[in-house]
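A.B. asks: If you scroll down you'll find the structure; I have some questions about it.
2 protein chains.
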Amino acid sequence: MDKVGIIGIGQSRFGQRSDASLRELAFEAVKGALTDAGITLDEVKAMVVSVASDELSFALQPSSQIVDYLNFYPKPSFRVEGACASGSMAVRTGWMTVASGLADVVLVVGAEKMTEVSTAAVTDVLGRAGDFIWEYPFGMTFPGYYALIARAHMAKYGTTEEQLGMVAVKNHHYGALNPYAHMRKEITLEKALSSRTVADPLKLYDCCLISDGAAAIVLASEKLAKRFNNDPVWITGLGLGTDTLSLMDRRDLTTIDATVEAAQQAYTMAGIEPRDVDVAVVHDCFTIAEIVAYEDLGFCKKGEGGKMIEEKRTYIGGDIPVNVDGGLKSKGHPIGATGVAMAVEITKQLRGEADHGRQVPNARIGLSHNVGGNGQHSAVHIFRRD
Amino acid sequence: MDKVGIIGIGQSRFGQRSDASLRELAFEAVKGALTDAGITLDEVKAMVVSVASDELSFALQPSSQIVDYLNFYPKPSFRVEGACASGSMAVRTGWMTVASGLADVVLVVGAEKMTEVSTAAVTDVLGRAGDFIWEYPFGMTFPGYYALIARAHMAKYGTTEEQLGMVAVKNHHYGALNPYAHMRKEITLEKALSSRTVADPLKLYDCCLISDGAAAIVLASEKLAKRFNNDPVWITGLGLGTDTLSLMDRRDLTTIDATVEAAQQAYTMAGIEPRDVDVAVVHDCFTIAEIVAYEDLGFCKKGEGGKMIEEKRTYIGGDIPVNVDGGLKSKGHPIGATGVAMAVEITKQLRGEADHGRQVPNARIGLSHNVGGNGQHSAVHIFRRD
Numbered sequence: 001m002d003k004v005g006i007i008g009i010g011q012s013r014f015g016q017r018s019d020a021s022l023r024e025l026a027f028e029a030v031k032g033a034l035t036d037a038g039i040t041l042d043e044v045k046a047m048v049v050s051v052a053s054d055e056l057s058f059a060l061q062p063s064s065q066i067v068d069y070l071n072f073y074p075k076p077s078f079r080v081e082g083a084c085a086s087g088s089m090a091v092r093t094g095w096m097t098v099a100s101g102l103a104d105v106v107l108v109v110g111a112e113k114m115t116e117v118s119t120a121a122v123t124d125v126l127g128r129a130g131d132f133i134w135e136y137p138f139g140m141t142f143p144g145y146y147a148l149i150a151r152a153h154m155a156k157y158g159t160t161e162e163q164l165g166m167v168a169v170k171n172h173h174y175g176a177l178n179p180y181a182h183m184r185k186e187i188t189l190e191k192a193l194s195s196r197t198v199a200d201p202l203k204l205y206d207c208c209l210i211s212d213g214a215a216a217i218v219l220a221s222e223k224l225a226k227r228f229n230n231d232p233v234w235i236t237g238l239g240l241g242t243d244t245l246s247l248m249d250r251r252d253l254t255t256i257d258a259t260v261e262a263a264q265q266a267y268t269m270a271g272i273e274p275r276d277v278d279v280a281v282v283h284d285c286f287t288i289a290e291i292v293a294y295e296d297l298g299f300c301k302k303g304e305g306g307k308m309i310e311e312k313r314t315y316i317g318g319d320i321p322v323n324v325d326g327g328l329k330s331k332g333h334p335i336g337a338t339g340v341a342m343a344v345e346i347t348k349q350l351r352g353e354a355d356h357g358r359q360v361p362n363a364r365i366g367l368s369h370n371v372g373g374n375g376q377h378s379a380v381h382i383f384r385r386d
Numbered sequence: 387m388d389k390v391g392i393i394g395i396g397q398s399r400f401g402q403r404s405d406a407s408l409r410e411l412a413f414e415a416v417k418g419a420l421t422d423a424g425i426t427l428d429e430v431k432a433m434v435v436s437v438a439s440d441e442l443s444f445a446l447q448p449s450s451q452i453v454d455y456l457n458f459y460p461k462p463s464f465r466v467e468g469a470c471a472s473g474s475m476a477v478r479t480g481w482m483t484v485a486s487g488l489a490d491v492v493l494v495v496g497a498e499k500m501t502e503v504s505t506a507a508v509t510d511v512l513g514r515a516g517d518f519i520w521e522y523p524f525g526m527t528f529p530g531y532y533a534l535i536a537r538a539h540m541a542k543y544g545t546t547e548e549q550l551g552m553v554a555v556k557n558h559h560y561g562a563l564n565p566y567a568h569m570r571k572e573i574t575l576e577k578a579l580s581s582r583t584v585a586d587p588l589k590l591y592d593c594c595l596i597s598d599g600a601a602a603i604v605l606a607s608e609k610l611a612k613r614f615n616n617d618p619v620w621i622t623g624l625g626l627g628t629d630t631l632s633l634m635d636r637r638d639l640t641t642i643d644a645t646v647e648a649a650q651q652a653y654t655m656a657g658i659e660p661r662d663v664d665v666a667v668v669h670d671c672f673t674i675a676e677i678v679a680y681e682d683l684g685f686c687k688k689g690e691g692g693k694m695i696e697e698k699r700t701y702i703g704g705d706i707p708v709n710v711d712g713g714l715k716s717k718g719h720p721i722g723a724t725g726v727a728m729a730v731e732i733t734k735q736l737r738g739e740a741d742h743g744r745q746v747p748n749a750r751i752g753l754s755h756n757v758g759g760n761g762q763h764s765a766v767h768i769f770r771r772d
């Protein structure tokens, strides 16, 4: 199997981007990625687009808005979707496009415009990533799902509200250093703990933001990657797991089994173990999700995720720095963009280009972890610099 | 590049399937495909799902409904979308999954449930496959788009309303022979021409049906395909083109440039020419679309599509039999299922299993052509039996 390398990265600023439409956000990211790769759009052979929601983009085929605005026709392009993990489906599909030989230079774009409708409408659309028949009609939305997970984790492992708050404090700390982040402000643990309840025990600062944004990467075959870029970042492991539609059908609320499966696939494919990972971005849609991810990815033993953040082992200088771009929590979570933005961040880290005091020293192996829904999909990717 | 073979096919009956939900339709198709392949779901390593619309499935990640109902977790699965060509995006992605080495047995499922909402609501959802900013708000829906294409073709090439009606007569003739078709009735040219106007010059019998349905195929690597099936059908060519979002930006209304591009890619990859194709299924969402497809696929010269149907050259016994399963026109067009159902039909034809008097004799090379929107996407696939 030939290697597939990342030769260009770009992203828009995340935030409430009333200045830019879906297509304009995608353009910002693509322009950055092509400039970074030092190539023109003419040299790109195919494109994969991630936009998670038809409804938020008011379109049946949102990828066509992006193809059109970039004048990318008549070349191959289509959309992939896995709810909040859609961006990772695009990275996976871009990898397959190159590895299968269908195209040797592929643009992967993820974008979402979420602030054009009300927060209630977004909550409704996202809620329908869960079970539309047996859970959503009874009032379940995403804060509720993750509140159940948090309560179960607290009951089983003694995880505390303070530990949840510490995840927010860390991610806001690093987000404040990231010029692309939605909310660039430090918070204190007291502020996190005294914020209003969203779905008990989750408070405002336990929840990620609703953001607009886009991210893009350029992938190339091993042969071309080395021609365009002396030092590409290789995607060496791809894992994708799925789980039941209903949370009530899960084996154990304190684990996302799809993540355990995806991680196993990715580690095996890359030939590494969790302790080999130098830097990770994980799906912290809610603070509890980051704690569960530590455990499911094998960064610590099951049940010790709370302790891991309490001991600051996921800060830079700790065992394994996690979400030093601010995470979904502070950088923002434009759902179709997130998985691609994760690849952008890990590439920056492995290149040593994460400026503003948030670079992990000597990072050679990176990991991204992206959950769709409340665990119906989970993707884990491993990245490596030679 | 290793070959990728189809080792199993299945589909649900298309129609107004008030007896079955989206997941149940998918189950019918998958059960058929696995039985046909002689394997169990345990032997399948990954799945690709095509559902075109979030809104029609009331879900943000409709593929999870299908994963869940099949108990397919924790294995890899996600959704792909290219509007009415979504099914062909799934076939393409399934092919890439095998060819890239990520999995050696892959299930490709396409499904759509369209009759649970009103016809007006479906027309609205489909209309938003076009340009949401510059065309849809001014009242454009799909019959309108294709009416403009028909008028332009009539003006430029002298194509007649009678010739449009003859496409409907042919496809209803073959659809009547297909036990999986939505509308199994022959019609006369008089009946077609006297049916009520939908969008002038298109009449009721120029328009395809709104249907529920699902289709599935099992793909395998060359090595495994031959172990499971002595005589698999190989996918030897894959083409995918795109075009402008707005119809008004097109170079020429009488051609779908995305189809010309996709056909060129597919013929080159398969190493064949249009005259080598023994049997084809093309995207006849409206009768004019089939006539334009004859030309864009190179089955006849530009402008001679009307003559081609008038001379019955696309009936069995003619130059190249087209849509002898009834086409979208009579078999039905559950949009996420269509591209996969096309692969099912071509496989049947190449195996010599298209019963009920609609088998094309000695067919060895088949072609499928699937358009998304009004030409924003177009996919052409070439199939071959050794």
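Residue numbers (the working numbering), protein chains in the order written: chain A, 1 to 386; chain B, 387 to 772.
For glycine and all other residues, C-beta sits at the position ideal for the given N, C-alpha and C.
#1: State yes or no: is the beta carbon of residue 462 of chain B nearer than 8 Å to at least one beta carbon in chain A?
#2: Less than 8 Å between CB atoms is the rule here; does residue 244 of chain A satisfy it with respect to chain B?
#3: When you compare the stretch 124 to 135 of chain A with the stretch 262 to 276 of chain A, are there three or more beta-carbon pairs, one atom per stretch, that lie closer than 8 Å?
#4: My assumption, with CB atoms under 8 Å, is that residue 12 of chain A sits in contact with residue 214 of chain A. Please give the rounded CB distance.
#5: Please look up how many angstroms separate the CB atoms of residue 323 of chain A and residue 171 of chain A, rounded, as I've assumed it's under 8 Å.
#6: I need the DSSP call for residue 500 of chain B, collapsed to helix, strand or coil.
#7: Any beta carbon of chain B sitting closer than 8 Å to that of residue 377 of chain A?
#8: Please identify the residue among A:104, A:223, A:356, A:380 whose C-alpha is closest to the C-alpha of residue 340 of chain A.
#9: Relative to the C-alpha of residue 495 of chain B, which candidate in B:720, B:587, B:436, B:468 has its C-alpha closest?
#10: Beta strand (DSSP E) containing residue 16 of chain A: first to last residue?
#11: Grouping DSSP H, G and I as helix and E and B as strand, with all else coil, what is residue 464 of chain B?
#12: How is residue 782 of chain B classed by DSSP in three states: helix, strand or coil?
#13: For residue 773 of chain B, list the residues DSSP reports as bridge partners.
#14: In whole angstroms, what separates the C-alpha of residue 223 of chain A from that of residue 136 of chain A?
#15: Is the distance from the Cβ of residue 664 of chain B to the Cβ of residue 751 of chain B below 8 Å?
#16: How big is the Cα-Cα spacing for residue 497 of chain B and residue 728 of chain B?
#17: Just reading off the beta strand (DSSP E) that residue 557 of chain B is part of, what are its end residues?
#18: By the criterion of Cβ-Cβ separation under 9 Å, what are the contact partners of residue 125 of chain A in chain B?
#19: Is the Cβ-Cβ distance between residue 554 of chain B and residue 531 of chain B less than 8 Å?
#20: Report all residues from its chain with a CB closer than 7 Å to the CB of residue 595 of chain B; omit the five preceding and five following residues, and keep chain order.
#21: Excluding the five sequence neighbours on either side, which residues of its own chain have a C-beta within less than 6 Å of the C-beta of residue 71 of chain A, listed in chain order?
#22: Taking the DSSP output, what are the residues bridged to residue 756 of chain B?
#23: Can you name the residues of chain B whose CB is closer than 9 Å to the CB of residue 89 of chain A?
#24: Looking at C-alpha atoms only, which residue of B:455, B:447, B:438 is the closest neighbour of residue 414 of chain B?
#25: So with CB distances below 8 Å, who are the chain B contacts of residue 250 of chain A?
#26: Spatial neighbours of residue 134 of chain A within its chain, please: CB distance less than 6 Å, with the 5 preceding and 5 following residues excluded, ordered by chain position.
#27: For the stretch 11 to 37 of chain A, enumerate the residues whose C-beta is nearer than 8 Å to any C-beta of chain B, in chain order.
#28: Per DSSP, residue 599 of chain B forms a beta bridge with which residues?
#29: Does any residue of chain A bring its CB to less than 8 Å from the CB of residue 579 of chain B?
#30: Confirm, please, whether the CB-CB distance from residue 386 of chain A to residue 220 of chain A is below 8 Å.
#31: Could you spell out the range, first to last residue, of the beta strand (DSSP E) harbouring residue 620 of chain B?
#32: Would you mind listing the beta strand (DSSP E) stretches within the stretch 677 to 706 of chain B that are 3+ residues and don't spill past its ends, in chain order?
#33: Give the secondary structure of residue 672 of chain B by DSSP, where H, G and I count as helix, E and B as strand, and everything else as coil.
#34: For residue 20 of chain A, collect the residues of the same chain with a Cβ closer than 6 Å to its Cβ; drop the 5 residues on either side in sequence, then sort them by chain order.
#35: Residue range of the beta strand (DSSP E) that residue 666 of chain B falls in?
#36: Quick one: is residue 38 of chain A buried, meaning 16 or more other Cβ sit within 10 Å of its Cβ, or exposed?
C.D. replies: In this structure, then:
#1: Stepping through the second sequence from its first residue, residue 462 of chain B is reached at position 76. Yes, residue 462 of chain B counts as interfacial toward chain A.
#2: Taking the first sequence and counting its residues from 1, the one referred to as residue 244 of chain A is at position 244. Residue 244 of chain A counts as touching chain B.
#3: no
#4: For this step, residue 12 of chain A is matched to residue 12 along the first sequence. For this step, residue 214 of chain A is matched to residue 214 along the first sequence. Yes, residue 12 of chain A and residue 214 of chain A are in contact; Cβ-Cβ is about 5 Å, under 8 Å.
#5: Counting from one through the first sequence, the residue named residue 323 of chain A turns up at place 323. Counting from one through the first sequence, the residue named residue 171 of chain A turns up at place 171. Yes, they are in contact, since the Cβ atoms of residue 323 of chain A and residue 171 of chain A sit about 5 Å apart, within 8 Å.
#6: Counting from 1 along the second sequence, the entry for residue 500 of chain B is found at position 114. Residue 500 of chain B: coil per DSSP, three-state reduction.
#7: Walking along the first sequence from the start, residue 377 of chain A turns up at place 377. Closer than 8 Å: yes.
#8: One-based indexing of the first sequence puts residue 340 of chain A at position 340. When each option's Cα is compared against that of residue 340 of chain A, the closest is A:380.
#9: If you number the second sequence from 1, residue 495 of chain B lands on position 109. When each option's Cα is compared against that of residue 495 of chain B, the closest is B:436.
#10: As a position in the first sequence, residue 16 of chain A is number 16, starting the count at 1. Segment: none, residue 16 of chain A is in no beta strand (DSSP E) and carries neither H nor E.
#11: What you label residue 464 of chain B is simply residue 78 of the second sequence in a count that begins at 1. If DSSP states are grouped into helix, strand and coil, residue 464 of chain B belongs with the strands.
#12: Summary: the structure shown does not reach residue 782 of chain B, with chain B confined to residues 387 through 772, and so no result is reported for it.
#13: Only positions 387 to 772 of chain B appear in the structure, and residue 773 of chain B is not among them; the question remains open.
#14: Mapped onto the first sequence, residue 223 of chain A falls at position 223. Mapped onto the first sequence, residue 136 of chain A falls at position 136. Going by the C-alpha atoms only, they are around 48 Å apart.
#15: Within the second sequence, numbered from 1, the residue matching residue 664 of chain B stands at position 278. Within the second sequence, numbered from 1, the residue matching residue 751 of chain B stands at position 365. Cβ atoms of residue 664 of chain B and residue 751 of chain B: closer than 8 Å.
#16: Start at 1 with the first residue of the second sequence, and residue 497 of chain B comes out as number 111. Start at 1 with the first residue of the second sequence, and residue 728 of chain B comes out as number 342. Roughly 13 Å separates the two Cα atoms.
#17: To locate residue 557 of chain B, count along the second sequence from 1; it is residue 171. Unbroken run through residue 557 of chain B is the alpha helix (DSSP H), 547 to 561; no beta strand (DSSP E).
#18: As a working mapping, residue 125 of chain A is identified with position 125 in the first sequence. Those within 9 Å of residue 125 of chain A in chain B are 440, 446.
#19: Taking the first residue of the second sequence as position 1, residue 554 of chain B is located at position 168. Taking the first residue of the second sequence as position 1, residue 531 of chain B is located at position 145. Cβ atoms of residue 554 of chain B and residue 531 of chain B: not closer than 8 Å.
#20: The residue given as residue 595 of chain B occupies position 209 in the second sequence. 568, 569, 718, 719, listed in sequence order.
#21: In the first sequence, the residue the question calls residue 71 of chain A occupies position 71. Here the set comprises nothing.
#22: The sequence position of residue 756 of chain B within the second sequence is 370, counting from 1. Per DSSP, B:765.
#23: Translated into the one-based positions of the first sequence, residue 89 of chain A becomes position 89. Going along chain B in sequence order, the residues near residue 89 of chain A (Cβ under 9 Å) are 464, 465, 466.
#24: Working through the second sequence from its first residue, we reach residue 414 of chain B at position 28. It is B:455 whose Cα lies nearest to the Cα of residue 414 of chain B.
#25: Sequence index remark: in the first sequence, residue 250 of chain A carries index 250 (1-based). Those within 8 Å of residue 250 of chain A in chain B number zero; the least Cβ separation is about 10 Å.
#26: Within the first sequence, residue 134 of chain A is the residue found at index 134, counting from 1. These residues qualify, in order along the chain: 246.
#27: none
#28: Counting from one through the second sequence, the residue named residue 599 of chain B turns up at place 213. Per DSSP, B:498.
#29: Position 193 of the second sequence, counting from 1, holds the residue named residue 579 of chain B. Chain A, which has no Cβ nearer than 8 Å to the Cβ of residue 579 of chain B, makes this no.
#30: Locating residue 220 of chain A in the first sequence gives position 220, where the first residue counts as 1. Locating residue 386 of chain A in the first sequence gives position 386, where the first residue counts as 1. In this structure, residue 386 of chain A does not lie closer than 8 Å to residue 220 of chain A by Cβ.
#31: By 1-based counting over the second sequence, the position of residue 620 of chain B is 234. Looking at the DSSP string, the run of the beta strand (DSSP E) that includes residue 620 of chain B is 619 to 628.
#32: none
#33: Stepping through the second sequence from its first residue, residue 672 of chain B is reached at position 286. Strand at residue 672 of chain B.
#34: The residue labelled residue 20 of chain A in the question sits at position 20 within the first sequence. Once the five neighbours on either side are set aside, residue 20 of chain A has no close Cβ partner at all.
#35: As a position in the second sequence, residue 666 of chain B is number 280, starting the count at 1. 665 to 667 is the span of the beta strand (DSSP E), which, as asked, contains residue 666 of chain B.
#36: Walking along the first sequence from the start, residue 38 of chain A turns up at place 38. Counting Cβ neighbours within 10 Å, residue 38 of chain A comes out exposed, since fewer than 16 surround it.
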